[in-house]
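Per this note's numbering, numbering of the sequence shown is gapless, rising by one per residue and ending at 173.
Taking it in order: structure first as structure tokens, then the write-up.
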Amino acid sequence: MQKKKKKYITIRPWESNAPHHLVLNEGEVAWFRNEEGENPDWKDWVYCESSINSGWVPKDIIEIVDDNHIKLLEDYTAKELSVGAGDVIIGIKKHSGWVFGEHELSKEQGWLPEEILLKLSLKK
């Protein structure tokens with residue numbers, strides 16, 4: 050049975066500050082740089098680098114290969130969405146304060162901080 054997706058509305062704008070984002074494929078190995086360190090916003094995420102880019106990756110989709118490398122357990126993109134207030138987002142998955150979703154109108158996908166999202170009640 051497919052999990053029901055959640056609908057959100059953005060309560061304020063969010064502008065992605067990363068024009069280039071990390072993209073990794075399932076099974077791909079990347080360099081492990083550090084865990085969240087001093088920043089509590091990145092709890093349960095690790096900072097990694099590919100041969101092209103770097104970014105934060107959820108810990109639950111990686112396997113530690115050694116002290117310097119991780120392997121991806123599923124396809125992943127660190128792309129963030131840029132949105133305005135009042136945009137509707139279809140939530141695909143949630144991880145440690147962030148929601149990966151799809152903009153209802155543009156169909157663009159990416160991450161948004163959960164703090165700017167308000168879950169919509171869906172009537173049956």
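By construction, the Cβ of each residue, glycine as well, lies at the ideal position given by its N, Cα and C atoms.
- [ ] Taking all protein chains shown into account, decide if GLY159 is buried (16 or more other Cβ within 10 angstroms of its Cβ) or exposed.
- [x] buried
Task: Candidates ASP93, ILE141, SER103 and ASN83, of which the one nearest ASP116 by Cα - done: ASN83
- [ ] Please name the residue, chosen from ASP124, PHE149 and LYS108, that lies closest to GLU77 on a Cα-to-Cα basis.
- [x] ASP124
Open item on the list: If I measure Cβ to Cβ from GLU129 and keep anything under 6 Å in the same chain, skipping five residues before and after, which residues do I get?
Closed with: SER65, GLY159 and TRP160
Open item on the list: Can you tell me which residues form a DSSP beta bridge with VAL114?
Closed with: For VAL114, which the question treats as bridged, DSSP gives no partner whatsoever.
Task: ASP105 versus ILE58 - alpha carbon distance - done: As written in the sequence, residue 105 is Trp, which differs from the Asp given in the question. For TRP105 and ILE58, the distance between alpha carbons rounds to 24 Å.
- [ ] Would you list, in sequence order, the uninterrupted beta strand (DSSP E) runs of no fewer than 3 residues that lie entirely inside the region 60-142?
- [x] 78-84, 94-98, 103-107, 111-115 and 118-121
TODO: Ignore the nearest five residues each way along the sequence and tell me which others in GLY133's own chain have a CB closer than 6 Å to its CB.
DONE: PRO62
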